[in-house]
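To keep things clear, I will list the structure first and then write my remarks on it.
Residue numbers (the numbering used here): 2 to 264.
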């Protein structure tokens with residue numbers, strides 16, 4: 002082979018090596034940038050297992066003349082009692098004990114500590130969810146411990162009631178204002194109706210603009226939230242990634258974190 006041909010071959014191989022090195026460096030930089038972009042400000046970790054209360058059952062429900070009445074036959078689960086592991090959960094806990102969460106449409110829940118209470122529902126069609134809650138506001142995720150209905154109300158009484166036929170997500174916690182130590186670990190809890198995650202549906206939480214996929218129907222600790230107002234939006238998706246066409250999807254809440262006042 003002539004010297005000219007050897008020189009051309011050497012230059013060609015050198016150029017190819019430089020190009021390969023450049024592409025490798027570019028890919029490395031892209032991967033590093035991607036890793037930085039995927040770093041999350043907020044940390045989500047699953048709750049530890051909670052008391053299950055096999056007898057936490059809503060046997061019947063009624064709404065007449067502006068009063069809600071629930072029949073709860075359980076012996077172990079009792080309204081007004083502290084859940085056994087409340088002190089170890091290290092999150093906001095109600096001093097009034099276990100209670101019922103009542104959610105009407107997309108309004109924040111009302112916590113009720115007795116099985117009968119006054120509750121104002123405007124005339125018209127509504128989506129109603131009520132479920133039994135532990136003292137630290139974690140829902141008991143068992144169909145027997147909840148009622149989920151599409152109702153028609155007139156003159157403070159239910160005129161028509163049907164089971165919800167469609168997949169829906171209801172927002173429960175966080176809610177309101179958290180102060181001091183309660184701001185360190187804030188519980189994210191939600192309630193699903195006709196929607197099985199991991200198989201047919203997906204859930205996404207938008208926390209102050211940061212997207213988190215929620216793989217299982219369970220509560221999660223959120224850590225790293227800033228003081229002041231925070232916003233969480235929950236969106237239910239089909240398995241193919243399309244948004245579920247159902248009422249109240251997505252659902253959104255704003256809540257507040259405050260430092261403990263000095264002195």
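Here a beta-carbon is modelled for each residue, glycine too, at the ideal position from N, C-alpha and C. Predicted, not measured: the structure shown is a model, and the values here were computed from it.
Quick one: Cα of residue i to Cα of residue j, how far?
i           : j           : result
residue 157 : residue 145 : 26 Å
residue 184 : residue 160 : 42 Å
residue 128 : residue 140 : 18 Å
residue 82  : residue 177 : 22 Å
residue 208 : residue 186 : 14 Å
residue 150 : residue 120 : 16 Å
residue 211 : residue 90  : 25 Å
residue 231 : residue 206 : 13 Å
residue 64  : residue 42  : 44 Å
residue 226 : residue 164 : 37 Å
residue 97  : residue 111 : 14 Å
residue 257 : residue 233 : 11 Å
residue 268 : residue 251 : Absent from the model: residue 268. The displayed extent of the chain is 2 to 264, so no value can be given.
residue 138 : residue 95  : 7 Å
residue 76  : residue 57  : 8 Å
residue 44  : residue 213 : 9 Å
residue 122 : residue 66  : 10 Å
With a threshold of 6 Å on Cβ separation, who are the neighbours of residue i within its own chain once the five nearest residues in sequence on each side are excluded?
i           : result
residue 1   : Outside the shown range of the chain (2 to 264) lies residue 1, about which nothing can therefore be said.
residue 265 : Residue 265 is absent from the model: the chain starts at 2 and stops at 264.
residue 267 : Because residue 267 is not part of the residues shown, which for the chain are 2 to 264, the question remains open.
From the DSSP output, in three-state form, read off residue i for me.
i           : result
residue 131 : strand
residue 229 : strand
residue 84  : coil
residue 220 : coil
residue 140 : strand
residue 155 : strand
residue 119 : strand
residue 112 : strand
residue 146 : helix
residue 89  : helix
residue 190 : strand
residue 183 : helix
residue 252 : strand
residue 69  : strand
residue 169 : strand
residue 211 : strand
residue 40  : coil
residue 78  : coil
residue 277 : This structure cannot settle anything about residue 277, because the visible part of the chain is limited to 2 through 264.
residue 50  : coil
Here's the rule: buried if 16 or more other CB atoms are within 10 angstroms of the residue's CB, otherwise exposed. What is residue i?
i           : result
residue 169 : buried
residue 99  : buried
residue 113 : buried
residue 61  : exposed
residue 228 : exposed
residue 53  : exposed
residue 255 : exposed
residue 154 : buried
residue 55  : exposed
residue 175 : buried
residue 131 : buried
residue 173 : buried
residue 93  : buried
residue 46  : exposed
residue 88  : exposed
residue 1   : What is shown of the chain runs 2 to 264, which leaves residue 1 out entirely.
Spatial neighbours of residue i within its chain, please: C-beta separation below 7 Å, excluding the five flanking residues on both sides.
i           : result
residue 180 : 259, 261
residue 193 : 170, 218
residue 79  : 99
residue 85  : 52
Does any C-beta atom of chain D lie closer than 9 Å to the C-beta of residue i?
i          : result
residue 62 : Of the chains in the structure shown, none is chain D; there is only one protein chain.
Below 8 Å CB to CB, which residues in the same chain sit around residue i once its five sequence neighbours on both sides are set aside?
i           : result
residue 247 : 167, 168, 169, 237
residue 118 : 68, 69
residue 198 : 204, 215, 216, 217, 218
residue 124 : 154, 155, 156
residue 48  : 90, 139, 188, 219, 220, 221, 222
Report yes or no: do three or more beta-carbon pairs, one from the stretch 189-204 and one from the stretch 234-254, lie closer than 8 Å?
yes
Does the pairing of the stretch 38-53 with the stretch 104-117 give three or more beta-carbon distances under 8 Å?
no
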